[in-house]
Amino acid sequence: MGQSPPDSNGRLNAVDVLSLTALLLLAVVVAFFRRQLREEVFWLLGLYAALSAFVLIAAFRAPRQRAWRLVHDFSPILLVIAVFSSLGPIIDCASPARWDVTFARLDGQLLGDLPQRWRDLLGRPAWLVDAASIAYVAYYVAPVSLAVLLYLRRPPADFRRMAFTVVLTFYASYAGYFVFPTLGPRVSAEAGAPLIGGDISQAVRVFIDLAERTRTDAFPSGHTAIALLCVYFARQFSAVAFAIFSLAATGIVFSTVYLHYHYVVDLIAGALLAGGCAWMAPRLQPLLEPHEMRRWLAVRLGHR
43 MGQSPPDSNG RLNAVDVLSL TALLLLAVVV AFFRRQLREE VFWLLGLYAA LSAFVLIAAF
103 RAPRQRAWRL VHDFSPILLV IAVFSSLGPI IDCASPARWD VTFARLDGQL LGDLPQRWRD
163 LLGRPAWLVD AASIAYVAYY VAPVSLAVLL YLRRPPADFR RMAFTVVLTF YASYAGYFVF
223 PTLGPRVSAE AGAPLIGGDI SQAVRVFIDL AERTRTDAFP SGHTAIALLC VYFARQFSAV
283 AFAIFSLAAT GIVFSTVYLH YHYVVDLIAG ALLAGGCAWM APRLQPLLEP HEMRRWLAVR
343 LGHR
């Protein structure tokens, strides 16, 4: 402990620039499909304007007040949740086709009966369905927990690197939902038998229905990508953290197929996404730092 808080001397940082860019691109897409979206245009554009204002206010208040500094550093949590929740109607207009038939067929062609045996493991006892349900929602806790650990115990640069990589991965997965909108092998509550489980599973299904408002979010698997990134950054933190987050990631990945939320090919795509973003983030992050952007522009303009 004792580290100075991240970004205490700056204003806008690379995560802010990335988020503002994503919000701008989404606003452009909404404006393009304004006729199809109809009355939803106004609340979507209003949401993106409000989120952009929030980013700017938090960034410029952060150097002056400690509370705003904390808000600014953890603001990506709000942003990725709010953006994800808004995507459903936009995807429906921009990409009406669905890829479920293709990915279900790929699962069978590449993996045979493995996906079905995965979903039927041990005959689906209630205790295992409940355990998988707990593991599934661990996805919401894992990145925040690791971020807090890095924030309190590691140099600010480590926190900023994780924050940028994770946010980049979220936004990249959202782009994937536009290109390959997929519902996944979901089972409705009315279908009954495949869901079963106990009270825990029932509560988790209610939570998922409320929290995951965007349904075409199966490919690539964000659960897999974020869980693997947590393992990647936990390995750099400590052996104990690596073991804990590896166990959590195993449960998260297992649960996504076992609970009928993902095809196995979704998980493969999520793993590739995690690797790609882990490679790209340290190369992209410096370029999006405002002071580096100003320096780049100064050099280019100076050569003219």
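Numbering (my numbering), first residue to last: 43 to 346.
No residue lacks a Cβ here, since even glycine has one placed at the ideal position from N, Cα and C.
Taking the alpha carbon of residue i as the reference point, which residue from the options has its own alpha carbon closest?
i      : options                           : result
PHE220 : ILE250, ARG228, PRO157 and TRP141 : TRP141
VAL246 : TYR181, PRO262, LEU60 and ARG103  : TYR181
TRP110 : PRO118, ILE99 and PHE222          : ILE99
SER61  : TYR90, VAL72 and SER127           : TYR90
ALA146 : VAL307, ALA276 and GLY264         : VAL307
ASP200 : ARG277, THR298 and SER117         : ARG277
ARG106 : GLY154, VAL71, ARG53 and PHE96    : ARG53
PRO332 : ALA101, VAL282 and SER117         : ALA101
VAL282 : ILE250, LEU188 and CYS319         : LEU188
LEU68  : TYR213, PHE284, GLY293 and VAL190 : TYR213
ILE268 : LEU252, GLY130, GLY240 and VAL122 : VAL122
ALA59  : VAL70, PRO118 and VAL299          : It is worth fixing the name first, because residue 59 is Val in this sequence and not Ala. Closest by alpha carbon: PRO118.
GLU81  : PRO131, THR292, ARG166 and THR207 : PRO131
THR258 : ASP115, ALA136, VAL83 and ARG76   : ALA136
THR298 : ALA184, TYR178 and GLN158         : TYR178
VAL57  : PHE222, ASP115, VAL83 and PHE75   : ASP115
HIS304 : LEU148, CYS319, GLY165 and LEU79  : LEU148
ARG325 : THR207, LEU270, SER243 and PHE287 : THR207
GLN158 : PHE296, ASP251, VAL209 and CYS319 : PHE296
PHE261 : VAL143, TRP85 and PHE84           : VAL143
THR63  : TRP321, ALA168 and VAL209         : VAL209
ARG202 : PHE75, ALA323, SER128 and LEU66   : ALA323
ARG166 : SER243, PHE287 and LEU194         : SER243
LEU271 : LEU156, CYS319 and TRP160         : CYS319
PHE287 : ALA253, VAL183 and GLN151         : VAL183
PRO198 : PRO138, TRP321, LEU112 and PHE74  : LEU112
LEU120 : ALA253, TRP321, LEU314 and LEU330 : ALA253
ILE176 : GLN151, ILE250 and TRP85          : ILE250
ARG161 : GLN151, ARG228, PRO138 and ARG108 : ARG228
On the premise that residue j lies in contact with residue i, defined as a C-beta separation below 8 Å, what is that separation, rounded to the nearest angstrom?
i      : j      : result
MET204 : PHE275 : 5 Å
LEU309 : SER263 : 5 Å
ALA174 : LEU289 : Actually they do not touch by this definition, with Cβ atoms about 14 Å apart.
THR350 : GLY312 : Examination of residue 350 is not possible in this model, given that the chain is present from 43 through 346 alone.
VAL97  : LEU87  : The pair is not a contact, with the Cβ atoms about 16 Å apart (cut-off 8 Å).
ARG196 : PHE279 : 7 Å
VAL171 : GLY239 : 3 Å
ALA316 : THR211 : 6 Å
ARG76  : VAL70  : With 8 Å as the limit, ARG76 and VAL70 do not qualify as a contact, their Cβ atoms being about 11 Å apart.
Would you decide whether residue i is buried or exposed? Buried here means 16 or more other CB atoms lie within 10 Å of its CB.
i      : result
SER328 : According to the sequence as given, residue 328 is Pro; it is not Ser. Classification of PRO328: exposed, given that the 10 Å Cβ count is below 16.
VAL273 : buried
ILE133 : buried
ASP241 : exposed
THR292 : exposed
ILE294 : buried
TYR226 : Note that residue 226 is Gly in the sequence shown here, rather than Tyr. Buried, because 16 or more other Cβ atoms sit within 10 Å of the Cβ of GLY226.
LEU79  : buried
PRO223 : buried
VAL186 : exposed
ALA104 : buried
LEU65  : buried
LEU129 : buried
Following a CB-centred definition, is residue i positioned closer than 7 Å to any heavy atom of the ligand GTP?
i      : result
ALA136 : Of the ligands one can find in the structure shown there are none, so the ligand GTP has no counterpart to examine.
Within the stretch 278–330, ranges of the alpha helix (DSSP H) (whole runs, at least 4 residues): Within the stretch 278–330, the complete alpha helix (DSSP H) runs of at least 4 residues are 281–300 and 306–330.
Alpha helix (DSSP H) runs contained entirely in the stretch 134–183, provided each spans 4 or more residues: The qualifying runs are 142–153 and 156–161.
If we count Cβ pairs, one from each stretch, closer than 8 Å, do we get three or more for the stretch 210–218 versus the stretch 77–92? No, the stretch 210–218 does not touch the stretch 77–92.
Please give me, in chain order, every unbroken run of the alpha helix (DSSP H) with length at least 4 that falls completely inside the stretch 247–282. Correct list: 264–279.
Contiguous alpha helix (DSSP H) assignments of at least 4 residues, all confined to the stretch 55–143: Runs of the alpha helix (DSSP H) lying entirely within the stretch 55–143 and spanning at least 4 residues, in chain order: 56–74, 76–79, 82–103 and 108–136.
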